[in-house]
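Note that this note's numbering has the sequence shown beginning at 168, numbered continuously upward.
All residues carry an ideal CB built from backbone N, CA and C; glycine is no exception.
Worksheet for the structure shown next.
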Amino acid sequence: MTARTPTTAYPMTIYHKPNCSTSRNVLSLIRESGVEPEIVLYLETPPSKKKLRELAKAMNMGARDLLRTKEAPYEELKLADPKWTDDQLLDAIVEHPILLQRPIVVSPRGTLMCRPWERVREILPA
């Protein structure tokens, strides 16, 4: 696949962690499609609780689906316990953004949790 000249005519946003290989692969595919996305370094600029709720809804997911279960705060806070409400889980992600599963990509064709990374192809420009 040859890279296209980057365009901003197809607005995309990636919630990105630069040292995550999956996130880097997704960003690379987006750029190869000719799009230069808005990059949200979510560990530096965590999304608000409202934004997390919007992202989850757009992906037809609950708050629990947004959680990375292998991160230390997940175990420390005992977030596997079903007692936690979606509201409480979103609060935990806001307080500990490392808990946010990644990468999340927003495009005109939809919002996806891009795991595996190849899923981003579903929402790239046609």
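With fewer than 16 other Cβ atoms inside 10 Å of its own Cβ, R288 counts as exposed. Looking at the backbone, the Cα of K245 and that of L196 are separated by about 35 Å. Under the three-state reduction of DSSP, Y177 is assigned to coil, being neither helix nor strand. Rounded to the nearest whole angstrom, the CA to CA distance from E238 to M226 is 22 Å. S274 sits in a strand when the DSSP states are folded into three classes. The three-state secondary structure of Y209, taken from DSSP, is coil. V272 places its beta carbon 8 Å or farther from that of L266.
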